[in-house]
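Worksheet: one structure, shown below.
Right, dumping it as structure tokens:
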């Protein structure tokens, strides 16, 4: 609709409205005018007829027809009077007078052409001249007066009025419409400018402003338009800004319509997929690229297909565009090319596989080394212990002692290496729990006390007030660490020195346990070497025994328990080793180990028990024969491999089977499975006696049904104790 | 007309008698020993003037006036009850309607009428009880006094025309002509008993009289008949001596009529004399006359009137 049509419509509607209103008002005015004219004539008629009636009173009263005629002629001379009829009731006389040309005879009482008014002539109801007389009731009329009035004059006047009114109304309408047209054109002229402005805005020229000529409604509208265009301009700038941002994004960004059609994409997408913009926009995203509806709105890995068919791994995320009404307006697909990352991951995976393989090889190496070392060591220590028991010359005994000392040292070395390796590789698992620091320290103090006493070193415990302190640790490992630190404090102390064990609460809910000695101290530049494996500093020169793995092992254990370990030292004054562990609340219920003394071993009948030892190594078999020779109540059977052992077990039904693992023909664990699977041998307790102390081995074998797990080199006393417990049925679980 | 009025009042009287018979008598007392019933019609201003004079003259003495307005609803019952009380000693009726209302009850209480023309007074039948005492202070002017005032007013006018209705009591006074001559008038008397003859009778006096004296007569004079009479007076330059102030205002050159207030006062005086036993009831004529002049008419007619002597002169300009 253009301006002309609006103008025409307004003028037409105004013309209709005003025309109807004017016609209504003019009609009403004319009707009122007509009524007023008629009423005026009626009033004139009323006045005249009343006057004539009053005039006629006397004439009728006295019966003067001459007087009546005179009065009638006077009345007829009045303008518009058509006829006069005066009647005298008493005298039965009538005076009829009319204008020339008017036919009085046969004229109706009233018509549209004239107005007929009639009044009775009444007798005087009171005598004013006799003022003392009361009013008298009305009497019968003396006669009547009837006058006829022409309405022609009123009609003529009305016609003239109608003509004038129509002319005035028409002129007024024309004038009003002309004024309105002029005013509307003036009002619409700024709108035309505003329309031109809006058209320019639509063409993108947002920096322009529409001129505000007046501050009327159109002016306010123009101001509002200008403000809107300002905001639109700022919004558009922001849109461009964001478009630039999107274009500059290095990742692929694709906007997809709800029907899966690609609406737009950024340059990174085109570069990554090899499409031109016109090739991709408007195409369905699936199967061209991917199916957006099958995607989760979280980043996942997908594969994009390039134009050349090559697959590109991408880190993909799709999110729905939700406008205000909540309906999906499309999707935004973000994809990050992860080809390089995938390649790196593959390389990493291969490296990991290699590392794992190497680790397995190392573990295998350690296991084999351990086994191979322990096997001869088992014989060395075993026979050494046997010699130690025997009656020997002093020199021989000293030699045996040296053999045993060296063997045990070698055994500790092997154990520490394996333990460190197990912890660092995660194969050794700890069982952290709330541990009483006092109880752990007392155990360690008790073990170190003889060594300290031998050198006159005083060991002080400052933990008396910390009876209720608990730390989160593996109790056995904590005791092991404390023992290491305390034994070091004793070993690296001066004679008659002191070792002080204290603890303090630190920030972060930590408990710092200090072991302070009065030794020579450690130079600052050597402190960092303390926890390096096999780094013994001056220990070798000082003739102090040790493997060089104690502190390294302790640090591994403390770290595994979530704590830390460190040292502070002043040369000439001594050193303080500390470890920090998390403080925890005391356990609600603590298991108190039974203090009742174990029952004494039952009396043993000669050859009351049969023990089958499955072992391929002759030295080990011979060693065990020599050991069990100390127990005449035990009859030993031996087998050199697994099948033979199985057969012998089924045949002889021994009371206990000692099982080596590295057996020719059939591994020990397979033998164990067979034994447990065979009802005939399922109830025979099996004690594993192996040189393979690799981590996890014990738990696996116990799970297969072994009664106990002992490692080589064998500790004769321990072995005999386990045999007694198993044979007497005291050992329900396992024991190392 | 008069017969119709009497029939109407006869019907009203019957109603009043019945009301009086069944109305409970008010308890009497010494206070009502000298009670006077005053019956009037409040709608007539002339009656109000007379009533004021009456009320003023009765004063706050032993007489206890009781005023009954016959235009008020329940008037008939109250009048009957009042007449039935022994203490009621006199009824004063103001106007013809009041007189008719009182006489219709056939009461034995003496009745003093006033503000009536002798010609309009109720004629009591002969069978009325002889003990009834009836008197009136009429509006009819004493002839001597009337002619004297005219003489004083228009001393130069000697030919006195008189239109007289021979059927009306009082107007056929035989002493009129004698008294006129005694006062220096030359009386010319014309009889007229119908309104339609009035103009003719008036115009017949034109060559023979200097002025025309008219007597109050409800049968002849009304609004319709007075207007042509006035016109005739002006056309023939024959002054009319009217009988009321309204007549003078309507166009009579002059008028002589009673002072209504004094008429009431005169009736009160008569009543007091009667009640005190000093005088019996008797008919009287107005003792104070009012002379009025329409100055505009006299100027038109070229009359020169003398200032009034003892009588108040009212001049309408």
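Residue numbers (our numbering), protein chains in the order written: chain X, 1 to 736; chain Y, 737 to 1053.
Using N, Cα and C, we set each Cβ at its ideal position, and we do this for glycine too.
Put simply, the backbone Cα of residue 26 of chain X is about 23 Å away from that of residue 42 of chain X. Between the region 169 to 182 of chain X and the region 5 to 14 of chain X, the count of Cβ pairs shorter than 8 Å is three or higher; the stretches touch. For the 8 Å CB-CB criterion, residue 1002 of chain Y and residue 1016 of chain Y do not form a contact. Contact of residue 128 of chain X with chain Y is assigned, a C-beta pair being separated by under 8 Å. For the region 643 to 717 of chain X, the full-length alpha helix (DSSP H) segments reaching 4 residues or more read 668 to 677, 697 to 704 along the chain. Residue 516 of chain X sits away from residue 497 of chain X, with the two beta carbons spaced by 8 Å or more. Interface with chain X (8 Å Cβ-Cβ cutoff): residue 812 of chain Y is excluded. Against chain Y, a Cβ distance below 7 Å from residue 135 of chain X picks out 779.
Apart from sequence neighbours up to five positions away, the residues of its chain that approach residue 209 of chain X with a beta-carbon distance below 7 Å are 226, ordered along the chain. At least 8 Å separates the CB of residue 929 of chain Y from every CB of chain X. Residue 583 of chain X: member of the beta strand (DSSP E) spanning 574 to 584, first to last residue. Looking at the DSSP output, residue 824 of chain Y bridges to Y:771.
The beta-carbon distance between residue 633 of chain X and residue 608 of chain X, rounded to whole angstroms, is 5 Å. This is short enough to meet the 8 Å contact definition. Listed along chain Y, no residue sits closer than 8 Å to residue 145 of chain X by beta-carbon distance, the nearest being about 14 Å off. Residue burial is scored here from C-beta neighbours: residue 330 of chain X has at least 16 other C-beta atoms within 10 angstroms and is therefore classed as buried. Against chain X, the CB of residue 875 of chain Y has a partner CB under 8 Å away; the residue lies at that interface. One alpha carbon belongs to residue 500 of chain X, the other to residue 535 of chain X, and they sit about 25 Å apart. By the criterion of a C-beta distance shorter than 7 Å, residue 783 of chain Y is surrounded in its chain by 776, 777, 830, 831, 851, once the five residues flanking it on both sides are discounted. Here the region 549 to 566 of chain X makes contact with the region 471 to 480 of chain X; the two share three or more CB pairs at distances below 8 Å. When DSSP states are grouped into helix, strand and coil, residue 503 of chain X belongs to the strand group. Listed along chain X, the residues sitting closer than 7 Å to residue 982 of chain Y by beta-carbon distance are 128, 129, 131.
Taking the C-beta atoms as reference points, residue 641 of chain X is found no nearer than 8 Å to residue 667 of chain X. At a cut-off of 8 Å between beta carbons, residue 69 of chain X makes no contact with chain Y.
Boundaries of the beta strand (DSSP E) harbouring residue 93 of chain X: 93 to 98, taken from the DSSP string. The alpha carbon of residue 773 of chain Y has as its nearest neighbour, out of Y:797, Y:817, Y:785, the alpha carbon of Y:817. Between residue 820 of chain Y and chain X, the shortest Cβ-Cβ separation is not below 8 Å. Interface annotation, residue 62 of chain X: in contact with chain Y, CB-CB separation under 8 Å. Flagged as an interface residue toward chain Y: residue 57 of chain X, by a C-beta distance shorter than 8 Å. As the crow flies, the alpha-carbon of residue 967 of chain Y is around 21 Å from that of residue 924 of chain Y.
Within its own chain, the residues whose Cβ lies closer than 8 Å to the Cβ of residue 799 of chain Y, once the five positions on either side in sequence are excluded, are 770, 771, 772, 1007, 1008, 1011, listed in chain order.
Residue contact check for residue 996 of chain Y against chain X: a CB pair falls below 8 Å. Residues of chain X with a Cβ closer than 8 Å to the Cβ of residue 782 of chain Y are, in chain order, 131, 132. Taking 8 Å as the CB threshold, residue 964 of chain Y lines the interface with chain X. If you look at residue 553 of chain X, you'll find it in the alpha helix (DSSP H) that goes 550 to 560. Taking C-beta separations shorter than 7 Å and ignoring five residues to either side along the sequence, the partners of residue 991 of chain Y in its chain run 977, 978, 979, 980, 981, 983, 984, 1028, following chain order. Under the 10 Å beta carbon count, residue 456 of chain X is surrounded by fewer than 16 other beta carbons and is classified as exposed.
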